[in-house]
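Trainee:
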Amino acid sequence: MRNIKFGYGISKPRAIDIDSNDLRKSNEILREMPELQTCIGCGSCTASCTAGNLTQFNFRRVHTLVRRGEYMGAYEEMNKCMLCGKCRLVCPRGINTRGLAMLIKRKLGDF
Amino acid sequence: MKPRVVIVGGGAAGMAAALRLESRGVEPVIVEREEVTGGKVRNWHKLFPTFTPAEEVLEPLCRGIVERGIECRTGVSVEAVSADGVVLAGGERVEADAVVVATGFTLFDAHRKQEYGYGIYDNVVTSADLEQMMNRGSVRLADGSAPRRIAILHCVGSRDEKVCQSHCSKVCCITGVKQAIELKKMFPEADVFNFYMDIRMFGPGYEELYREAQQSYNIHFVRGRISEASPTINGRIQIKAEDTLTGRPLKMSIDMLVLLVGMRANDDNASLAASAGLALAPNGFMQNKDPFTGAVRSQREGIFYAGAVTAPKSLADTLAEASMAADAVVDYLNADRR
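Which chain is which? The protein sequence lines are U and V, in order.
Following the working numbering from start to finish, the first sequence increments by one per residue and tops out at 111.
Following the working numbering from start to finish, the second sequence increments by one per residue and tops out at 1338.
(1) Please classify ASP1143 (chain V): does DSSP put it in a helix, a strand, or coil?
(2) Run through chain U and tell me which residues come within less than 7 Å of ALA1241 (chain V), C-beta to C-beta.
(3) What separation, rounded to the nearest whole angstrom, lies between the Cα atoms of MET33 (chain U) and GLY7 (chain U)?
(4) Along the beta strand (DSSP E) that carries CYS1072 (chain V), what are the first and last residues, could you check?
(5) With which residues is ARG1223 (chain V) paired in a DSSP beta bridge?
(6) So which residues on chain U does GLY1247 (chain V) lean against when the C-beta distance must stay under 7 Å?
(7) Determine, using beta carbons only, whether ALA1083 (chain V) and ALA1102 (chain V) come nearer to each other than 8 Å.
(8) Buried or exposed: where does PHE1304 (chain V) fall if 16 or more other Cβ atoms within 10 Å of its Cβ makes it buried?
(9) Assuming THR1126 (chain V) is part of the alpha helix (DSSP H), what are its boundary residues?
(10) Flag this pair as yes or no: are the beta carbons of THR1318 (chain V) and LEU1260 (chain V) separated by less than 8 Å?
(11) Could I get the ranges of all uninterrupted alpha helix (DSSP H) runs contained in the region 1032–1087 of chain V, with 4 residues as the minimum, in chain order?
(12) Taking Cβ-Cβ distances shorter than 8 Å, what residues in chain U pair up with MET1197 (chain V)?
(13) CA-CA distance, PRO1204 (chain V) and LYS1313 (chain V)?
(14) In whole angstroms, what separates the C-alpha of PRO1231 (chain V) from that of ALA1151 (chain V)?
(15) Do the region 1185–1202 of chain V and the region 1134–1152 of chain V meet, that is, are 3 or more Cβ pairs less than 8 Å apart?
(16) Tell me the residue span of the alpha helix (DSSP H) that contains MET1252 (chain V).
(17) Quick check on ALA1229 (chain V): does DSSP put it in helix, strand or coil?
(18) Quick check: the region 84–95 of chain U against the region 1067–1074 of chain V, are there 3 or more CB pairs under 8 Å?
(19) Can you tell which of V:GLN1299, V:ALA1311, V:ASN1334, V:ASP1268 has the C-alpha that lies nearest to the C-alpha of GLU1079 (chain V)?
(20) Check whether the region 1049–1058 of chain V and the region 1017–1036 of chain V touch, using three or more Cβ-Cβ pairs below 8 Å as the test.
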């Protein structure tokens, strides 16, 4: 039978599915850096980010996705970080954000 | 003879406690560090969420103190407290049957967040400055013109470990909404932007005012902390933040930046606590005996608290607590004499 293309496809669900996401890596990261749990999502890290002002890189978004178990592309994103450490200077929760960028790269090289 | 109670601090809490004590048959003595009573509220213009002139609340308190002949020792600070009196600066001792500590709070010094340029650039003001500008009827830019675009930043000196102030100051969110509306009323042509982390509308009528700010005054709310302010070539201020709801960095030029400064603990809380064997909370405010049943009691019998000395509080909460403290003092004095 001829394969007729109607122009329809099946889209993957967009939802962050905590049930099917494997949170082991996320938990490992939080164990090594428990203060990440205290993030209030103020965006100071992204606002002060040298790379984020020039590229699509959004540090707050990436580390929030990692905490939810969404690892795809996190390593490549973190490669955009220039490790300048400005985010660490401004974080009101005192999170070692620069260390976090390196930690994510170390833990999520396989994804 | 009437029992005598020394009240340390002649702000709203101290005066309200004094009036309540006097009407319950106690002789209160107010000791105030400043030359006049009234505390911080003297500097406020209108009160959230009803826009009641601050004077309408303060004036009856001050008048009551005068009319009832309550003793006020002004211009003198207290060095040490104990359940049976206080020691004034200079060594004089004032005997009492109980003591109420109502020394309030200190405003966060916005100079410490140097990245916002307070005291460096023109037209960066604190929420407290804005109240006084409104009191004088002189809300204008440094060059005398009217602002066309204003940003109000929440959490300056609150929820910020970088300046050792981890607590939420509670009243800034609603103050920011109130001042945004006031600015919009003064300058209907201006755009007002509030930069917030969380909007904490905990009190009656607060959430309604927030909604009104959005709906009737078209005030913009951007979720993100301003990371820095810098001057532009034409004398305006450029601010940067992340618009966290779109996930993109944001920058804009404004004419005026209002910093909502938080409430921090008084520097002399520690020495006061040490003098009387009282405890400090981790954020430096005085630690009450119990958050539910001992809110106005201290760790020491005969020493009581009223108002923002124990935690950031609204004026409404402070006045309610002043009455509570006075009643707790009367209960204590009655039990003592039984």
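Where is the CB? At the ideal position from N, CA and C, for every residue including glycine.
Mentor: Judging by the given coordinates:
(1) coil
(2) GLY43, ALA47
(3) 47 Å
(4) 1071–1074
(5) V:TYR1196
(6) ASN58, ARG61
(7) no
(8) buried
(9) Premise fails: THR1126 (chain V) lies in the beta strand (DSSP E), 1124–1126, not in any alpha helix (DSSP H).
(10) no
(11) 1054–1067
(12) ILE40, GLY41, CYS42
(13) 14 Å
(14) 14 Å
(15) yes
(16) Segment 1248–1254 is the beta strand (DSSP E) holding MET1252 (chain V); no alpha helix (DSSP H) there.
(17) strand
(18) no
(19) V:ASP1268
(20) no
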